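What follows is one structure encoded as structure tokens, with my remarks underneath.
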Amino acid sequence: MKLIISQNPGLTAAEILKTRLQENKKKTFVLALPTGGTPVEMYKNIVRMHKNKKIDFSNVLTFNLDEYAGVDKCCPQAYCSFMEENLFGQIDIKRENINIPNGMAKDLNAECAAYEDKIKKAGGIDLFFGGVGENGHIAFNEPGSPVDSLTRVVDLTEDTINVNSRFFSCAADVPKQALTMGVKTILSSREIIILATGKKKAEALKAAFEGPSTSEWIISLLQKHQNTTVIADADAASLLKTKPGNI
Ligand code: PGA
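Residues in the sequence shown are numbered from 6 upward in steps of one, following the numbering used here.
This is how it looks when you write it as structure tokens:
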């Protein structure tokens, strides 16, 4: 795993994406995208680059990492709404190239299986962007998620419900379940970039770089992946003895 410490992780991430899209020789570039507070800055930079014609989404296919179960896509808290507001409504992506799990599907298990299949049929994920939870989760793979898990329905932990209650009127309104890419789905990506900002993520990064690879800290399972970079600000990296660079 490589560590980059950046004063502006969102800008660093957007620049990496710009380079990867410029380097891409394939017909379609498959990109996995997160929601949450951390990637907002990355999306602002991508939109700015798009306005300056430095980044082109015409051959990009996206898969969002997760979505709440039972939340209509038009609801402001739905990740679908988040993506529309922060990215998709402001760039030249083809509507048919956007994929977000449908949290209102009648059969959520079938929806997850179809989502996994669609990623496979697209040739797998070229570049996976993710944030990390305070408990080390990636997407909604909560502690204890199996390393061979695929896209599936999961129960959210009490911790995650409390952390995410800031986007709802109260914790009781936060959905208790979500649809999420699995750990195996993520580890199958050709490149993984995790963004982490703020002191609240410092313990998760300590576990990622300096602890054992264990499903108690899902982020530490990325030690098994050959092409993973964590872009952190100084606060998120504050507990690390690890120096930036390849380890
Ligand atoms: P955050 O969430 O970016 O809002 O901190 C990250 C996550 O839970 O994956």
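Virtual Cβ for every residue (Gly too), placed ideally from N, Cα, C. In this text, all values refer to a predicted model and were calculated from it rather than measured experimentally.
When the options are compared against residue i, the one with the closest alpha-carbon
i	options	result
Phe-133	Asn-69, Asp-164 and Phe-145	Asn-69
Val-235	Ala-176, Gly-149 and Ile-143	Ile-143
Gly-203	Ser-11, Arg-53 and Lys-7	Ser-11
Val-52	Thr-17, Thr-33, Leu-92 and Gly-15	Leu-92
Ala-83	Asp-153, Asn-169, Val-188 and Ala-209	Asn-169
Lys-1	Lys-56, Met-6 and Lys-126	Lying outside 6 to 252, the shown extent of the chain, residue 1 is not represented and no answer is given.
Gly-138	Leu-245, Pro-39 and Gln-27	Pro-39
Lys-30	Asp-131, Lys-126 and Leu-200	Asp-131
Thr-247	Thr-17, Gly-216, Gln-231 and Pro-180	Gly-216
Ala-162	Leu-155, Ser-150 and Ser-154	In the sequence as presented, Ala is not what sits at residue 162; that position holds Thr. Out of Leu-155, Ser-150 and Ser-154, Ser-150 has the C-alpha closest to the C-alpha of Thr-162.
Phe-145	Asp-153, Asp-160 and Ala-127	Asp-160
Ala-207	Gly-136, Thr-156 and Leu-155	Gly-136
Thr-165	Val-179, Ser-154 and Thr-219	Val-179
Ala-127	Gln-231, Glu-196, Thr-233 and Thr-33	Thr-33
Thr-156	Val-188, Lys-49, Ile-199 and Gln-27	Val-188
Asn-66	Thr-219, Ile-103 and Lys-123	The sequence shown places Leu at residue 66, not Asn. Among Thr-219, Ile-103 and Lys-123, the Cα nearest to that of Leu-66 is on Ile-103.
Ile-223	Asp-153, Lys-205, Ala-37 and Gln-231	Asp-153
Thr-219	Arg-25, Glu-28 and Pro-148	Pro-148
Glu-196	Asp-122, Gly-250, Asn-140 and Gly-129	Gly-129
Closer than 8 angstroms to chain D by CB, residue i
i	result
Lys-229	Within the model displayed, chain D is absent; a lone protein chain is all it includes.
Backbone secondary structure at residue i - three-state DSSP
i	result
Glu-122	Looking at the sequence itself, residue 122 is Asp, so the reference to Glu does not match. Three-state DSSP puts Asp-122 in a helix.
Glu-256	Because residue 256 is not part of the residues shown, which for the chain are 6 to 252, the question remains open.
Ala-183	strand
Ile-252	In this prediction, Ile-252 scores a pLDDT of 45, lower than 50, which makes its location untrustworthy; the coordinate-derived value is nonetheless stated afterwards. The answer is coil: DSSP assigns Ile-252 none of H, G, I, E or B.
Leu-210	helix
Asp-71	strand
Leu-244	coil
Val-137	coil
Val-168	helix
Asn-91	helix
Asn-104	strand
Leu-227	helix
Lys-99	coil
Leu-132	strand
Arg-25	helix
Thr-190	helix
Asp-178	helix
Ala-215	A small fix is needed here, since residue 215 is Glu in this sequence, not Ala. Three-state result, Glu-215: helix.
Glu-196	strand
| field | Residues passing the C-beta test against the ligand PGA heavy atoms, cut-off 5 angstroms | value | The set, ordered by position in the chain, is Gly-41, Gly-42, Thr-43, Gly-136 and Gly-138.
| said: Any contact between the stretch 49-69 and the stretch 87-104? By contact I mean 3 or more CB pairs, one from each, below 8 angstroms. | reply: Contact between the stretch 49-69 and the stretch 87-104 is present: three or more C-beta pairs spanning the two stretches fall below 8 angstroms.
| With a cut-off of 8 angstroms, do at least 3 Cβ pairs link the stretch 187-200 to the stretch 227-245? | With the cut-off at 8 angstroms, the stretch 187-200 and the stretch 227-245 touch.
| Given 8 angstroms, three or more beta-carbon pairs between the stretch 73-80 and the stretch 33-43 | With fewer than three CB-CB distances shorter than 8 angstroms, the stretch 73-80 does not count as touching the stretch 33-43.
| 4 or more residues per run - each alpha helix (DSSP H) lying fully within the stretch 29-64 | For the stretch 29-64, the continuous alpha helix (DSSP H) assignments of 4+ residues that do not extend past its boundaries occur at 45-56, in sequence order.
| task | Evaluate contact between the stretch 167-186 and the stretch 207-221, counting only Cβ atoms and requiring at least three cross-stretch pairs below 8 angstroms. | result | No: fewer than three Cβ pairs fall under 8 angstroms.
| the stretch 232-249 touching the stretch 173-182, judged by at least three CB pairs closer than 8 angstroms | Below 8 angstroms, too few C-beta pairs join the stretch 232-249 and the stretch 173-182 to call them touching: fewer than three.
| Any 3 or more C-beta pairs closer than 8 angstroms across the stretch 12-19 and the stretch 102-121 | Flag = no, the stretch 12-19 and the stretch 102-121 do not touch.
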